[in-house]
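S.K.:
In my numbering, the protein residues as written are 918 to 1122.
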């Protein structure tokens, strides 16, 4: 009898704790309005890590993108529903190096993580197939991905996560290897590089 009461008490306490626990939401603010959001929206649920992923495709870039993430972060805090983590996903592309560096510095000051790619997000896709440490243009990325996929690469495709899922471990290894080499250089010389693998590892862990 005593054991049953103790069990019921502990069960009730666990339920109360669960009902009052803040939802674990990861905010991902993307530069692209379709390519990156389509990829991250396809990630399967992972209740061990988060309850929800809030993905925003903004069309903003570098500094304005980080400023948008800060705005969303502050709004959530005012509502007493803070995000567990906030990430910005963006490319270097042809934006001025000063703007790119300032965006990284601003994000760091605001405790916002950055999954950046130089030059383009497609380097993350390409690393699913083979290691690449050669600077490529967007046209070259498209050509190489079309060959690797054995089908035309469409930038805003909604099924890239599914098509690449079984090669994700390879991509993480290749991206980590590339990062360890490139991160010792100045940003202007880190081409190619991507830290998207860090966000992917977070969502998978």
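From the three backbone atoms N, C-alpha and C, an ideal C-beta is built for every residue, glycine too.
Is DSSP giving residue 1008 helix, strand or coil here?
M.R.: Note: residue 1008 maps to strand in three-state DSSP.
S.K.: Could you round the C-beta distance between residue 1075 and residue 955 to whole angstroms and report it? I think they count as a contact, below 8 Å.
M.R.: Between residue 955 and residue 1075 the Cβ distance is about 5 Å, and since that is below 8 Å, they are a contact.
S.K.: Output the residue ranges of the alpha helix (DSSP H) runs that lie fully inside the stretch 962 to 1030 and measure 4 residues or longer, sorted by chain position.
M.R.: Within the stretch 962 to 1030, the complete alpha helix (DSSP H) runs of at least 4 residues are 979 to 995, 1014 to 1026.
S.K.: Do residue 942 and residue 958 have their C-beta atoms within less than 8 Å of each other?
M.R.: Cβ distance not < 8 Å, so residue 942 and residue 958 don't count as in contact.
S.K.: How would you call residue 934, buried or exposed, if buried means at least 16 neighbouring beta carbons within 10 angstroms?
M.R.: Caution applies to residue 934, whose pLDDT of 49 falls short of 50 and renders its modelled position unreliable; the value that the coordinates give is listed next. The residue is exposed, with fewer than 16 neighbouring Cβ atoms inside 10 Å.
S.K.: Please report how far the alpha carbon of residue 1096 lies from the alpha carbon of residue 1070, in whole angstroms.
M.R.: So the alpha carbons of these two residues sit roughly 25 Å apart.
S.K.: Could you tell me the alpha carbon to alpha carbon distance between residue 1053 and residue 1065, rounded to whole angstroms?
M.R.: Cα-Cα distance, rounded: 15 Å.
S.K.: What's the gap between the Cα of residue 1078 and the Cα of residue 1110?
M.R.: So the alpha carbons of these two residues sit roughly 20 Å apart.
S.K.: Name the one or two DSSP bridge partners that residue 946 has.
M.R.: Bridge partners of residue 946: 973, 1005.
S.K.: Three or more C-beta pairs closer than 8 Å, one from the stretch 1102 to 1116 and one from the stretch 972 to 992: is that the case here?
M.R.: The stretch 1102 to 1116 vs the stretch 972 to 992: no contact.
S.K.: Within 10 angstroms of its Cβ, does residue 1068 collect 16 or more other Cβ (buried), or is it exposed?
M.R.: Classification for residue 1068: exposed.
S.K.: Mapping DSSP to helix, strand and coil, what is residue 1048?
M.R.: Coil at residue 1048, not helix or strand.
S.K.: With DSSP collapsed to three states, give me the class of residue 1033.
M.R.: Looking at residue 1033 - three-state DSSP - the assignment turns out to be strand.
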